[in-house]
Ligand code: 6GU
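In this note's numbering, the protein residues as written are 44 to 297.
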């Protein structure tokens, strides 16, 4: 998977060199490229923002540098596509157009299901704006080249999209085949089935007067599986009742 990130703070994205994602990059599973938006300015001061029309606090990102950066990435990636793939793929095929991922607190929630969907894309471009936002016309323009997806991490405000981009790239990247060594660890984890994860324990079996639940030492795989399912429900009901209320398939309630 190719991921381009456009930002005015390229150094923020250095964390993508570390750990699992860093390893996946070195192995060639993830081709992540960081771009400095200011390289696409044309004035002496490398201006990327200006005051909002209609007044109000803060600054708004100008559309011109964004368009230059994004069309450069789109054109560059097009050249990477093998000729036969270009002619055979229908225009609306999944992965036909790159996804423009826009971290913003005014987007729909970025959830595990969104991460799973985006993990199937061939090419993601992440546009890290500051929270006052990018000129709205940029998104209308970008829709001609990209599948534009606004996404929010949650109901709180960050100073810019960089930290959100790190979270999203990690959530998406770890779902790309080969990035996580043991793919089974992707199945039994929080949110993979709409519920929170069950509690986990390791040695010693008794620690500071606290014992590991007896069922986990029983060797009875059926009992262990139903205990874990029950714990998932108990935990989700108590910590995140909204997840149970929202679940329309409700297969785990049947
Ligand atoms: Cl995706 N971006 C910003 N700037 N703030 C956020 C967010 C995203 N998600 C929650 N707060």
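C-beta: ideal position from N, C-alpha, C; glycine also.
Which of the three DSSP states, helix, strand or coil, is assigned to residue 141? coil
Spatial neighbours of residue 240 in its chain, beta-carbon cut-off 6 Å, leaving aside the 5 residues before and after: 232 and 233
Given residue 65, which residues of its chain have a CB within under 8 Å of its CB, disregarding the five upstream and five downstream residues? 59
For residue 111, which residues from the same chain have a beta carbon less than 7 Å from its beta carbon, with the 5 sequence-adjacent residues on both sides left out? 83
Neighbourhood of residue 108 by C-beta, 7 Å cutoff - its chain only, sequence neighbours within 5 removed: 80, 83, 84 and 91
Taking just the CA atoms, how far does residue 87 sit from residue 47? 26 Å
Verify the contact flag: residue 151, CB atom, against every heavy atom of the ligand 6GU, threshold strictly below 7 Å. no
Using only the heavy atoms of the ligand 6GU, determine whether one of them is closer than 7 Å to the beta carbon of residue 258. no
Minimum length 4: unbroken alpha helix (DSSP H) runs contained in the segment 173 to 231: 180 to 185, 205 to 216 and 227 to 230
For the beta strand (DSSP E) holding residue 167, just list the boundary residues, first then last. 166 to 170
For residue 152, which of helix, strand or coil comes out of DSSP? strand
With residue 50 as the anchor, note down where its beta strand (DSSP E) starts and where it stops. 45 to 50
Out of 141, 184, 198 and 218, state which residue places its alpha-carbon closest to the alpha-carbon of residue 67. 218
Taking DSSP's pairing of strands, which residues face residue 103 in a bridge? 93
With residue 213 and residue 55 assumed to form a contact (beta carbons below 8 Å), what rounded beta-carbon distance in angstroms separates them? In fact, because the Cβ distance is near 14 Å, the residues do not count as touching under 8 Å.
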